[in-house]
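Note that the working numbering has the sequence shown beginning at 208, numbered continuously upward.
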Amino acid sequence: MGEANRSVVSEFVFLGLSNSWTIQLLLFLFSCMFYMASLLGNFLIVLTVTSDPHLQSPMYFLLANLSIIDLICSSSTAPKMIYDLLRKHKTISFGGCITQIFFIHAVGGTEMLLLIAMAFDRYVAICKPLHYLTIMSPQKCILFLVASWIIGFIHSVTQLIFVVDLPFCGPNELDSFFCDLPRFIKLACMDTNALEFMVTANSGFISVASFLILIISYMFILMTVQKKSLGGLSKALSTLSAHVMVVILFFGPLIFFYMWPFPTSHLDKFLAIFDVIITPFLNPVIYTLRNKEMKEAMKRLCVRFVNYTKLS
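Shown next as structure tokens:
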């Protein structure tokens, strides 16, 4: 039955971002610029953390893995979107659509849990500094990372199990530039109210719950520090501000996608571009501009590269 259904609709057509070639060209240039900057920025963070002995701490280990996740997340949708901006007929195969959905949700779920791990790391560093290296041991960091990937994988597969064999008999147009579950499910030739609720419960409520956990944890850290000293509060605010900005940038569009009861196609597309292109670019910018150690380490990396180039 599943094979017969898939043979009816073998590909999906993206309606894209705009029908104007001028706007599409501007979006192409804009997307290329930010996507390349995102790749370079996140790759530079990974290279800096792995090569600099001064950054061999749990915080930078988690930060490097966040950059790897951002690289995977943006690369699962951005290249296809950029390529389609130069095409009149924008299509994706059924298998390609399912693959895109899998990576979006697997990597997105992993990033949610990694951000929670990073919040826990900051709690230990600020509130229990004497026990930091004991609590945040290398084994604990690897456990956080493995658990994040496993839960992200389960989160994605759990949803795909219910939708991969849906009957699709037309239409096959997605009013978007990438495949995601809400619009994908609506194209099925059956009543999908229960599945739509499941997606909202799985993705929407998880996003909201993770966001609330993170915000509450940051507030708890600040209240704990405030009781100790005002100087410590100022330092904690400076440290946490970057984390709070990243959390808001990541969770804001997700919560809107899955929890807003009134779908608005144009706003959805704008937030999707922000989530796919701009947020992976802003993450390295936020963490590097507000982190003195990272900036110094990048300078040392640049000096080593220049010296190596001269010797060559």
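Note that beta-carbon positions come from the ideal geometry of N, C-alpha and C, so glycine has one too.
Between residue i and chain B, is the shortest Cβ-Cβ distance under 8 Å, so that the two count as touching?
i              : result
methionine 325 : In the structure shown, chain B does not exist; there is a single protein chain.
Hey, out of the options, whose CA is closest to residue i's CA?
i                 : options                        : result
phenylalanine 488 : Ser217, Phe477, Cys239         : Cys239
leucine 474       : Asp372, Val256, Ala416, Ser383 : Ser383
serine 182        : Ala449, Glu380, Leu293, Leu367 : The displayed coordinates of the chain run from 208 to 519. Any statement about residue 182 would go beyond what the structure contains.
glycine 316       : Phe301, Asp291, Cys280, Ile289 : Cys280
threonine 486     : Phe457, Arg511, Leu254         : Phe457
glycine 459       : Phe477, Leu447, Thr229         : Phe477
isoleucine 413    : Ser363, Lys434, Leu254, Cys376 : Ser363
isoleucine 422    : Leu394, Tyr339, Ala395, Val453 : Val453
leucine 233       : Ser264, Leu246, Leu292, Gly303 : Leu292
aspartate 259     : Gly359, Met505, Arg390, His450 : Met505
glutamine 346     : Phe360, Pro265, Leu394         : Pro265
phenylalanine 463 : Gln231, Phe418, Lys499         : Phe418
leucine 273       : Val253, His261, Tyr290         : Val253
leucine 444       : Asn498, Leu247, Val220, Cys304 : Asn498
isoleucine 480    : Tyr242, Asn249, Ser227, Leu262 : Tyr242
glycine 359       : Leu321, Gln263, Val492         : Leu321
serine 227        : Leu270, Thr255, Leu373, Arg294 : Arg294
valine 483        : Ser245, Ala416, Val216         : Ser245
aspartate 348     : Ile420, Cys304, Leu270, Phe250 : The sequence shown places cysteine at residue 348, rather than the aspartate named in the question. If we check each option's Cα against that of cysteine 348, Leu270 comes out closest.
Just grab the DSSP bridge partners of residue i for me.
i              : result
leucine 262    : None; leucine 262 has no bridge partner.
isoleucine 299 : Phe219
glutamate 403  : None, per the DSSP bridge assignment.
Mind checking residue i: buried by the 16 CB within 10 Å criterion, or exposed?
i                 : result
leucine 461       : buried
threonine 257     : exposed
aspartate 277     : buried
glutamate 218     : exposed
valine 406        : buried
glycine 209       : For glycine 209, the predicted model reports a pLDDT of 45, less than 50, meaning its position is unreliable and no value from the coordinates is stated.
cysteine 509      : exposed
phenylalanine 268 : buried
serine 214        : Caution applies to serine 214, whose pLDDT of 46 falls short of 50 and renders its modelled position unreliable; the value that the coordinates give is listed next. By the neighbour-count rule (16 or more Cβ atoms within 10 Å), serine 214 is not buried but exposed.
phenylalanine 404 : exposed
serine 448        : exposed
glycine 302       : exposed
phenylalanine 221 : buried
valine 513        : exposed
asparagine 400    : exposed
histidine 450     : buried
alanine 313       : buried
tyrosine 515      : exposed
aspartate 372     : exposed
tyrosine 465      : buried
leucine 262       : buried
methionine 501    : buried
alanine 416       : exposed
Quick check: does the Cβ of residue i come within less than 7 Å of any heavy atom belonging to the ligand ADP?
i             : result
histidine 296 : Ligands are entirely absent from the displayed structure, and the ligand ADP is therefore not among its contents.
DSSP state of residue i, grouped into three classes?
i              : result
leucine 270    : helix
leucine 381    : strand
cysteine 386   : coil
cysteine 280   : helix
isoleucine 311 : helix
arginine 497   : coil
valine 371     : coil
alanine 211    : Its pLDDT being 42, under 50, alanine 211 is placed unreliably by the model, and nothing is read from it.
serine 344     : coil
alanine 449    : helix
aspartate 398  : coil
alanine 504    : helix
arginine 294   : coil
serine 225     : coil
How do the region 422–431 and the region 315–329 stand: do at least 3 beta-carbon pairs fall below 8 Å, yes or no?
-> yes
Inspect the CB distances between the region 383–400 and the region 282–294 and report whether three or more fall short of 8 Å.
-> yes
Contact between the region 335–345 and the region 304–320: three or more CB pairs below 8 Å?
-> no
Counting Cβ pairs closer than 8 Å, one from the region 346–357 and one from the region 365–380, do we hit at least three?
-> no
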